[in-house]
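Using the numbering used here, read the sequence shown as starting at 4 and increasing by one per residue.
All C-beta atoms, glycine included, are put in the ideal place defined by N, C-alpha and C.
If you're wondering where the values come from, they're calculated on a predicted model, not measured in any experiment.
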Amino acid sequence: MGNTALWVRVIAHHRTVRQVTQPCERDDPASALSEACHALDLANPMWLDKNRREWAEFGQTRFLPDAFMEHVAFDRIEIEFIDPDARKKRSQDPRNA
Numbered sequence: 004m005g006n007t008a009l010w011v012r013v014i015a016h017h018r019t020v021r022q023v024t025q026p027c028e029r030d031d032p033a034s035a036l037s038e039a040c041h042a043l044d045l046a047n048p049m050w051l052d053k054n055r056r057e058w059a060e061f062g063q064t065r066f067l068p069d070a071f072m073e074h075v076a077f078d079r080i081e082i083e084f085i086d087p088d089a090r091k092k093r094s095q096d097p098r099n100a
């Protein structure tokens, strides 16, 4: 699996204030997130059941300040799996043809 990555965005006041991409395998986002947090000089968030469900279903999730053991100065961290080789699913709705 080449070039797949985790895109990590730090959001404050509805704006991306910092971001980084980190090589990532779809089934191991925690390792890539740990590396990204290190690069951004942030603590690692706790993976809650909500985050695991969203990751499994959508390949993305967000961590709010309550997912961190220490105070954070942002509104949330959003992470998303990036696979440039994945094909987008096309809607079968005939209105989109």
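Spatial neighbours of residue i within its chain, please: CB distance less than 6 Å, with the 5 preceding and 5 following residues excluded, ordered by chain position.
| i | result |
| --- | --- |
| W21 | Before going further, note that residue 21 is Arg rather than Trp in the sequence given. Excluding positions up to five away in sequence, the list reads V13 and L43. |
| M4 | Because M4 sits at a pLDDT of 47, beneath the cut-off of 50, its placement in the model cannot be relied upon, and the point is left open. |
| D96 | none |
| R18 | none |
Near residue i, which residues of its chain fall below 8 Å by C-beta distance, leaving aside the five closest residues on each side in sequence?
| i | result |
| --- | --- |
| P87 | N6 and T7 |
| Q25 | A8, L9, V11, A35, L36, E38, A39 and A42 |
| M72 | A46 and M49 |
| H74 | P68 |
Our contact map puts residue i next to residue j with C-beta atoms below 8 Å; I'd like the distance itself, whole angstroms only.
| i | j | result |
| --- | --- | --- |
| P48 | A15 | With 8 Å as the limit, P48 and A15 do not qualify as a contact, their Cβ atoms being about 15 Å apart. |
| R65 | E81 | 5 Å |
Apart from the five residues just before and just after residue i, which ones in its own chain have a Cβ nearer than 7 Å to its Cβ?
| i | result |
| --- | --- |
| E83 | W10, G62 and Q63 |
| V23 | V11, A39, A42 and L43 |
| R79 | I14, R65, F66 and L67 |
Which residue's Cα is closest to the Cα of residue i: the options?
| i | options | result |
| --- | --- | --- |
| R55 | I85, V23, D30 and V75 | D30 |
| W58 | R18, A76 and E28 | E28 |
| A33 | T19, H17 and L51 | L51 |
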